[in-house]
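Everything on this sheet refers to the single structure shown next.
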Amino acid sequence: MRCVLRARVKPPSGYNVYDTSQPVLHRTSGALALSRPIGQTSNMSHVAPKQSTSAEELWNEILEQEEKEKLALDSVNKSKTRKKSQATERLVILGGKESSSSLKTKQTRKPTETPKKESKVKAVITTPKSRLPRTKLARDIIENHAKFPHCILLTRVGQFYESYFDQAPEVAKLLNIKLAQRRWGIRGRLVDMAGFPLAHLDRHLKTLVQTEKRFVALCEEFRKPGAPLGRRKMFAPSPFERRVVRIVTPGTLIDESFVNPYDNNYVCAIVPGEAGSSDIGIAWMDVATGEFFTQLSSPSQLRDDLARINPREIVLDKFLEDPEYDDHPIYGALAGNSISVAYCDVEKELDTTSLEMSPSTITVDNITNVLSDAAAEMDLDDEEKAIPVFSSAETLAIRLMSAFLQANLRENMPTLTTPVRFQEDARMQIDAHTVRALEIQKGSQGESSSGSLLSVVKRTITSSGSRLLSRWLCGPSTSVQEIQTRQALVALFHARPHLRRDMMVLLRKTGDAIRLVQKMLLRRGDADDLLAVAETIGVHAHITSRLLLESNVTERTRENEDQFRSLGLLLGRVSDLSQLAERIGTAVHVTPLLLGETEAPPKPTPAVGFAEASNDYVESKNWSIKHDFNPELRRLHKRMKKLKDEQEEMQYDLQKEYKVPTLTLKIGVPHGIFIHIAKIRTYGGRLRDNEKFIPLSKSGSTESYFYKPWSQLGTAITECQADILQAERDALESLRIEVGSCAVALRRNARIIDEIDATVGFAELAAEMRFVRPVVNESLNFLTVNGRHPAVEIGLLTSGRVFTPNTVDLGLDSRLMIITGPNMAGKSTVLRQSALIAILAQTGSFVPADYAEIGVVDRVFSRIGARDDLFRDRSTFMVEMLEAGEILRRATERSLVIMDEVGRGTTVRDGLAIAFATAHHLHSTNQCRAMFATHFHEVTDMLGYYETEIESTQRPSNSGAKLLEPHCTRPHISFFCTDIASTGDSITDEFTYSHRLRPGVNRESHGLRVARLGGMPHSAVEVARRVVERLRDSGPGQVSSSSNQTVLQVGLGLGLGNREAMRKIGEGF
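Residue numbers in the sequence shown follow my numbering, run continuously in steps of one, and reach 1071 at the last position.
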């Protein structure tokens, strides 16, 4: 990397050395773009910015100069045309012999006159005063800056990636690398530059793309066909050509080392439907796996869909960038998140022709469903078939996705497969807030998966199986048949620990076949990837044969009949790909030397200083493809063997003739093809006076010489190596095409193995955590006996504590459960565990309970936790009301709703009224299965709760003890509560939480005890205690100056008369 470091000069007056202002981001055409930094400085250089030139300035000057050249050449051409026409007229007028001879004279003089005029024009254009860069590299970089103004341009120069002009200071600062300057030409201008070695590309892409959300254009260099090998001679044309092969964005990562293999990296295109329609089309794709989906959404559903998809980048149509669309519902759904947003012009990037896609069979997440194949086979190649499959909004989203990928993947753009339409009614819908509140994918901190449901239940071995598990948890099935089929597979592995262990051993050997196939389709797969494909095919065959063996040796019973039927359904779709694996095995070396995608000079041949084995004439590890793969490679390797024999013979003859045993023939740095002599104190003088050997360099113990016969032979060896490398690239390309032709079968097999991995993980989880198989049916029942929260249980076990299970029954007789009790007594845990059990049951997993019966749930809603949204000017209470209102509008009779402490963010009067109205709406209008936890125990009275005394049969008759039996004037409502066990009534007494639900209502929150445990000052707790005593002793009637008690006063009372008053308030609703 040739560069000139900035000089240390005295800064001008008023110049702030520590000014590290950064350029801002703003929306431009296409994506996020860089603003032009003005007066930007770096702490590694102290040169005034005026000394460097921006790409925009140079590009404008080049265009102006080209325009001047064009005008000058046009002027010359017009002058030639005018003189030619005048000569023709003279020829017509004069005629005869004399005029002909005159014309011949003019024609003979013409070639000598014209170059003189052209040279004058060129002399004006290329005047020494012009300081424009004239090198091919400079021109390519300036032109690419103009083509991709919204990207950070990284240009490959030898073994470095370099950034120039006004982007260089920012790149140097972001990547913490040195900022330098470079001068193009003898009198060229100084320009800023920064660079780093090729090996650091992934590390710096992670910073630029993942952290800074920037677009990075990679400009690679390729050797021109027929260009001479070796170093370029001075003033010779460049043997390389450069072009931008790919633009890396947050959503188009492929095989970078920093991509999380256990999670999908989706890019999502969102397009509004036609005018007058509220439909919104969504298309999302993982470029690394090729998984492509589409869905029809709506403004109210879009936020929840994005929470389920969890994209890394969102693409919008170019017209939405207009300020008049700032209030579009799409922007409302995107507000408040940190997802990178890009814009794309479909008409510019995509041809007007119909969208071409591969009519491949796509397997989806319900492969165990008998009807999945029919639903998965879609053909978009025929326009007539596409119309009934996709709506207009979905088609627009697919086109936008294709245009965006075409604009950014460029030479890596694959043939898109037909997208799978996401069936909304076939999956449980979980809204965005519920995904966060239940901590399905992320923990409570929201940054990592630690403590989430995914981290707790994850027992998968493969990375692709982990991605499938994540999709299942965010979109459980609503098909009873599909759920029961998965449960049967889990039961199969759960009942056979030996089979489960064998599967886990084999799964550890399999690769990520889906990503490997996609790399082949993107033409990025190398020899190592081909070997991984072959090995994965073999592992898949072993897994299949092991399962078939278990099926054949096991006697069928009534209990296992459904298990082996589900297994047979799964294995019946496995394709035999042994021929492809055999083909790869016969072609690729076991330990290949990986070849890069970009062209590179031939690899240096090691010195021949020792005898080589007869069967190993050249190091086999230096070649990726076996030499007998095809006739061309066989011929080239035969020629290479002959040349290597000649090299060895020449070296032996030279050593013998000149009596220099340390003489070796070398190809490589620093002299290319040369003779190397060691121990020159002993043998150095034997070649110095020989005219055949031209000295090149000398050190303390070695000397190097140029020897013409060896130079000619070494050139032949180098050329043969280059031919072998090219033949290997051609062979790798042919093997990629063969793998691509089997992509459908490979993906189907990989998807089957993923499902086996997920179900084996479920079985292992059930064995570890004592999960049971739930009964899933079409009813509206919801019963969990001694259910447990899986994440909380593991957390308690690690600290040596035991989780207290609880039974929840939301059947037809009690579809609304009202839960009261003190703080920290486990109300929220019971709510969350019930929702998680429903989610686990409908993914096909066993559940943490002694028994469970789940009627299929179509939607899960939650209103748990307190948070504000200051970005959109929403208070905590406003956010709570928005979420509650969304639940009341969308919940159906098949939905499961959990709500905790609704109405707590406002006054007692308003909060109590809102809490009662919410519970009443769930019971009377939605009629869904709901759990409602509250500290407003007056709500229970308003809903019709009352108690009757019954004599206890458990205690002695002379004690006169009475028990209270709960009742309700409204049907389908049950009341449960939690409590504490204390040694006394004082807040300083020791107490423990029972965490066990019992029928009834608890009218004590014990908030003062929790405040004391939380570390509140003793004086503050004492003041609170005395206030509670005064309120309790005085009573509501004495607090009020009016004879009529208000709702606030009733809320502070604890007498029986107040309960009756609350029941009267709730009557009539």
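Quick reminder that beta carbons are idealized off the backbone N, C-alpha and C, glycines included.
Looking at residue i: is its Cβ nearer than 8 Å to the Cβ of residue j?
i              : j              : result
leucine 318    : valine 289     : no
glycine 857    : leucine 798    : no
methionine 771 : methionine 933 : no
arginine 790   : glutamine 835  : yes
isoleucine 796 : valine 458     : yes
arginine 526   : asparagine 410 : no
tyrosine 660   : arginine 688   : yes
tyrosine 166   : isoleucine 143 : yes
With which residues is residue i paired in a DSSP beta bridge?
i                 : result
glycine 283       : Val273 and Leu298
proline 1001      : Phe978
glycine 789       : Asn808
glycine 674       : Gly670
phenylalanine 695 : Tyr709
methionine 195    : Tyr166 and Ala182
arginine 423      : Thr296
threonine 209     : Paired residues: none, contrary to the question.
phenylalanine 784 : Ile856
serine 77         : Per DSSP, none; premise fails for serine 77.
For residue i, which three-state DSSP category applies?
i                 : result
phenylalanine 918 : helix
isoleucine 179    : coil
cysteine 930      : coil
lysine 119        : Because lysine 119 sits at a pLDDT of 39, beneath the cut-off of 50, its placement in the model cannot be relied upon, and the following sentence gives the value as read from the coordinates. Helix.
glutamine 431     : strand
threonine 704     : strand
leucine 966       : strand
arginine 2        : An answer regarding residue 2 cannot be provided, because it is not within the stretch 3 to 1071 covered by the chain.
alanine 344       : strand
aspartate 528     : coil
glycine 570       : helix
alanine 146       : The sequence shown places asparagine at residue 146, rather than the alanine named in the question. DSSP places asparagine 146 in helix when its eight states are reduced to three.
leucine 1073      : Outside the shown range of the chain, which is 3 to 1071, sits residue 1073, and nothing can be said about it.
lysine 131        : Residue confidence is low: lysine 131 scores 37 on pLDDT, short of 50, so the model does not pin down where it sits. Its coordinate-derived value is still stated next. Residue state, collapsed to three classes: coil.
glutamate 222     : strand
valine 862        : strand
asparagine 632    : coil
Using C-beta distances below 6 Å, list every residue in its chain close to residue i, excluding the 5 sequence neighbours before and after it, in chain order.
i              : result
threonine 822  : His939, Cys979, Val1003 and Asn1004
alanine 434    : Arg305, Asp306 and Ala309
serine 713     : Ile675
glutamate 552  : Leu501
glutamine 42   : Residue placement at glutamine 42 cannot be trusted, given a pLDDT of 36 that sits under 50; what the coordinates show is reported in the next sentence. Hits under 6 Å: Pro171.
arginine 111   : Residue placement at arginine 111 cannot be trusted, given a pLDDT of 43 that sits under 50; the coordinates are not used to answer.
alanine 490    : Asp564, Gln565 and Ser568
leucine 656    : Leu665
asparagine 928 : Ala893
leucine 532    : Ile586, Val590 and Leu737
Thinking residue i and residue j are a contact (beta carbons under 8 Å), I'd like their distance in whole angstroms, please.
i                 : j              : result
histidine 542     : threonine 512  : 7 Å
valine 218        : valine 246     : Incorrect: roughly 10 Å between the Cβ atoms, too far for contact.
leucine 833       : isoleucine 900 : 4 Å
valine 396        : glycine 283    : Correcting the residue identity first, residue 396 is glutamate in this sequence and not valine. Their Cβ separation, rounded to whole angstroms, is 4 Å, which keeps glutamate 396 and glycine 283 in contact under 8 Å.
phenylalanine 198 : isoleucine 179 : 6 Å
arginine 931      : leucine 842    : The Cβ separation is near 16 Å, so there is no contact.
serine 342        : glutamine 844  : About 32 Å separates the two Cβ atoms, so there is no contact after all.
histidine 923     : leucine 890    : 5 Å
With a threshold of 7 Å on Cβ separation, who are the neighbours of residue i within its own chain once the five nearest residues in sequence on each side are excluded?
i                 : result
histidine 997     : Thr806, Ala827, Gly828 and Thr980
glutamate 258     : Asp204 and Leu207
glutamine 212     : Pro252 and Phe260
alanine 765       : Val492, Phe495, His496 and Arg502
proline 263       : Ser465 and Asp514
phenylalanine 879 : Gly907 and Thr908
Considering only residues of the same chain and omitting the five flanking positions on each side of residue i, which have a CB-CB separation below 8 Å?
i             : result
glutamate 780 : Val482, Gly857 and Val858
serine 454    : Glu441, Ile442, Gln443, Lys444, Gly445 and Ala793
proline 2     : Outside the shown range of the chain, which is 3 to 1071, sits residue 2, and nothing can be said about it.
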